[in-house]
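Peer 1:
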Amino acid sequence: MIISKPEKVEPIIIDDGKIEKRILIGSKDGAKNFVMRLFKLKPGANTPYHTHDWEHEIFVLKGKIQVVSKDNKTDVTAGTFIFVKPNEEHQFVNVGNEDAEFICVIPYIEGNE
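Using my numbering, the letters of the sequence shown correspond one by one to residues 722 to 834.
1) Taking the alpha carbon of threonine 801 as the reference point, which residue from Ile824, Ile733, Pro828, Lys742 has its own alpha carbon closest?
2) If we count the other Cβ atoms within 10 Å of its Cβ and call it buried at 16 or more, is lysine 699 buried or exposed?
3) So, helix, strand or coil for glutamate 822, using DSSP?
4) Could you say which of Glu778, Glu809, Gly751 lies nearest to asparagine 793 if we only look at CA atoms?
5) So, asparagine 767 versus proline 828, is the Cβ gap smaller than 9 Å?
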């Protein structure tokens, strides 16, 4: 069993520090089925608009995030959960004035952590 806190996990810095990604639980921990990641987006930061073959489950912890899909833009806040289907186009944009944070759980596939 592993019990820890996010601040003990070294962040992966993306987009000149606008985004931080922490792999909270992954293959390095012996997880063979899922990867749990924590993302922090600075105000105005966004993930790329993209798609991939796997689903993910998102839980918003902090801030205001705009969820962008092919047909919609929806603003969500802390306590909201999101299911992104495989091959669904999506993007997350911090539209608030403070850092936004969300947990993202994906299936483990070699190379997708």
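Backbone N, C-alpha and C define an ideal beta-carbon position, used for all residues, glycine too. Remember, it's a predicted structure, so these values are computed and weren't measured experimentally.
Peer 2: Based on what the coordinates show:
1) Nearest C-alpha to threonine 801: Ile824.
2) Since the first and last residues shown for the chain are 722 and 834, residue 699 lies out of range.
3) Assignment of glutamate 822 by DSSP, reduced to helix, strand and coil, places it in the strand class.
4) Nearest C-alpha to asparagine 793: Glu809.
5) Cβ distance not < 9 Å, so asparagine 767 and proline 828 don't count as in contact.
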